[in-house]
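*Asks:*
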Amino acid sequence: MKVGEIFTAERIVMGGTGYRYAPVRLAGEVALLSSEVILLEPGKCGAPELQRFTFQCLRPGKAEIQFARFRSFEMDTVIFEEVLPFEVEPATGNRLEALGAWSAFEDVSNEVRLVFNKAMEGFVGVKYEPMKVSKQIVSGTYFRFFCYGHPAIQDEHTFPAIVKIHVTPAGEAHITDIQRVVL
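Under the working numbering, the residue at position 29 of the sequence shown is numbered 32, and the numbers go up by one with no gaps.
1. Contact between the stretch 61-68 and the stretch 164-183 is defined here as three or more beta-carbon pairs at a separation below 8 Å; is this criterion met?
2. If you draw a straight line from the C-alpha of residue 42 to the C-alpha of residue 48, how long is it?
3. State the DSSP-derived secondary structure class of residue 43, mapped to helix, strand or coil.
4. Buried or exposed for residue 55, please, with buried defined as at least 16 other CB atoms from any protein chain shown within 10 angstroms of its CB.
5. Can you give the Cα-Cα distance for residue 131 and residue 116, rounded to whole angstroms?
6. So what does residue 34 bridge to, in DSSP terms?
7. Helix, strand or coil: how does DSSP classify residue 141 here?
8. Buried or exposed: where does residue 39 fall if 16 or more other Cβ atoms within 10 Å of its Cβ makes it buried?
9. Any beta-carbon of chain B closer than 8 Å to the one on residue 166?
10. So, at 8 Å on beta carbons, what are the nonlocal neighbours of residue 27 in its own chain, with the 5 sequence-adjacent residues on each side left out?
11. On the criterion of 16 or more Cβ atoms from any shown chain inside 10 Å, does residue 17 qualify as buried, or is it exposed?
12. Evaluate contact between the stretch 102-111 and the stretch 73-81, counting only Cβ atoms and requiring at least three cross-stretch pairs below 8 Å.
13. If you compare alpha carbons, which of 121, 63, 124 is closest to residue 94?
14. Counting only the same chain and skipping the five closest in sequence on each side, list residues whose C-beta sits under 7 Å from that of residue 185.
15. I need the DSSP call for residue 118, collapsed to helix, strand or coil.
16. Kindly indicate the opening and closing residues of the beta strand (DSSP E) around residue 15.
17. Taking DSSP as the reference, what is the three-state secondary structure of residue 4?
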């Protein structure tokens with residue numbers, strides 16, 4: 004694996020059993036970008052479901068991922084998989100600057116924060132605080148912001164999320180997706 008590289012891990016669970024997988028250990032410089040559940044046979048009760056987890060390598064060094072299989076109503080029977088160790092190598096050449104490639108997550112500059120704020124104008128219900136950003140240049144610029152969401156409710160609790168924003172070649176910024184990161 005190299006810095007900036009995005010990869011997925013998949014697990015299959017049987018629908019209706021209540022079992023799910025979750026990454027319970029992310030050591031080193033690797034980040035969980037998203038997770039999703041895909042119905043393998045839509046409309047069929049009890050059919051297998053695919054859980055897909057998307058990660059990105061952030062910095063060179065040793066990294067580890069570990070998954071656990073569990074039922075939320077039966078937490079005393081959690082099954083931990085083996086720890087998956089791997090080495091993250093530095094990116095070589097201009098691979099990350101190539102058209103269409105996502106950059107590694109980095110601190111949010113003042114200039115990029117202005118883009119974020121412009122796209123979020125008029126967005127209500129949750130205030131998102133950008134912590135890190137990754138960029139992709141394709142028909143304008145796409146941004147993925149790792150954020151903490153602050154709901155506009157009493158006794159709020161923050162949650163991690165990925166906010167995706169597209170800036171057109173004409174300079175218009177708009178939100179394309181917001182995904183809550185489930186740990």
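Just so it is clear, CB atoms sit at the ideal spot from N, CA and C, and this is done for glycine as well.
*Replies:* With the given structure in hand:
1. A contact between stretches requires three or more CB pairs, one per stretch, nearer than 8 Å, and the stretch 61-68 fails this requirement with the stretch 164-183.
2. Residue 42 and residue 48 have their alpha carbons spaced roughly 10 Å apart.
3. Coil.
4. Label assigned to residue 55: exposed.
5. Approximately 12 Å, taken between the alpha carbons.
6. For residue 34, which the question treats as bridged, DSSP gives the partners 59.
7. In the structure shown, residue 141 adopts coil according to DSSP, grouped into three states.
8. Flag for residue 39 reads exposed.
9. Chain labels in this structure do not include chain B; a single protein chain is all it has.
10. Taking C-beta separations shorter than 8 Å and ignoring five residues to either side along the sequence, the partners of residue 27 in its chain run 69, 70, 71, 83, following chain order.
11. Of the other Cβ atoms in all chains shown, fewer than 16 fall within 10 Å of the Cβ of residue 17; this residue is therefore exposed.
12. With the cut-off at 8 Å, the stretch 102-111 and the stretch 73-81 do not touch.
13. Nearest C-alpha to residue 94: 63.
14. Within its own chain, the residues whose Cβ lies closer than 7 Å to the Cβ of residue 185, once the five positions on either side in sequence are excluded, are 38, listed in chain order.
15. The answer is helix: DSSP assigns residue 118 an H, G or I state.
16. Start and end: 9-17.
17. If DSSP states are grouped into helix, strand and coil, residue 4 belongs with coil.
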